[in-house]
Each structure stands twice: as structure tokens, then as C-alpha cells.
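Below you'll find the structure, written out as C-alpha cells, and then a few comments.
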Amino acid sequence: MKKVLLAVSAAVMLLSVAGCSSTPNTMKLQQGTTNLLGLASTDEVTLSNIQKGTPNALGGSDVTFDATTAKGRKFKCKTFMIPGLLAEPTYSDFTCGQ
């Protein structure tokens, strides 16, 4: 009985940690930035210097990055990443400024 309880506890802890992705998804960042800047395709923007901030009490954190368009315009961008327990992280509040 103790072995079963230990195995179930370990599985629950593993799933909870595995679901909280800590690495920002570059493709989702590109899609959000493309929409914000009004570009036609994600091919028109290149992201660099992607940095995740320290998480708050609920695990959400700011992600800052540099975006460069195909025409050479450069932007400093920021979004808020909310980790998902069993799903991918979600991104909200995209902002970009020159």
C-alpha cells in the first residue's frame, strides 16, 4: 500500500512539474509580435535576446525580447507568460516600442 501511494505521489509531482514549461515558445512569441506589428507573416520578423523574468507567486513571468522586421525596424518587446499545468504556456499583453 505504501509503495502504491509513493508511486502515485511521485507521478503527481512529476506531472505538475512537467506541465509548467519554463522556456518561452519562440513561435508563439513570433505570432503575437507579428499580429501586434501588423505584419503579414512570421517570416517578416526575427526575434533575439529572449529573456524570461522571475516568476511571480502563480508562476507567471515577463518575457522581454528584441524584434527586427524584414525592413530593418527594431523594437523592444515585452509579454506576460502564464504557464499551463497540462497545456502550453499562454502569452498576453504584447507590447513593443522602438
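Residue numbers -18 to -1, 1 to 80, in mature numbering (1 follows the signal peptide of the UniProt record, and there is no 0), belong to the letters of the sequence shown in order. From the three backbone atoms N, C-alpha and C, an ideal C-beta is built for every residue, glycine too.
So, helix, strand or coil for residue i, using DSSP?
i          : result
residue 31 : strand
residue 46 : strand
residue 60 : strand
residue 15 : helix
residue 5  : coil
Would you tell me roughly how many angstroms separate the C-alpha atoms of residue i and residue j, rounded to the nearest one?
i          : j          : result
residue 18 : residue 5  : 22 angstroms
residue 29 : residue 45 : 12 angstroms
residue 51 : residue 38 : 31 angstroms
Beta carbon of residue i, beta carbon of residue j: below 7 angstroms?
i          : j          : result
residue 71 : residue 41 : no
residue 27 : residue 8  : no
residue 57 : residue 80 : yes
residue 59 : residue 69 : no
Starting from residue i, trace the beta strand (DSSP E) both ways and give me its first and last residue.
i          : result
residue 79 : 72 to 79
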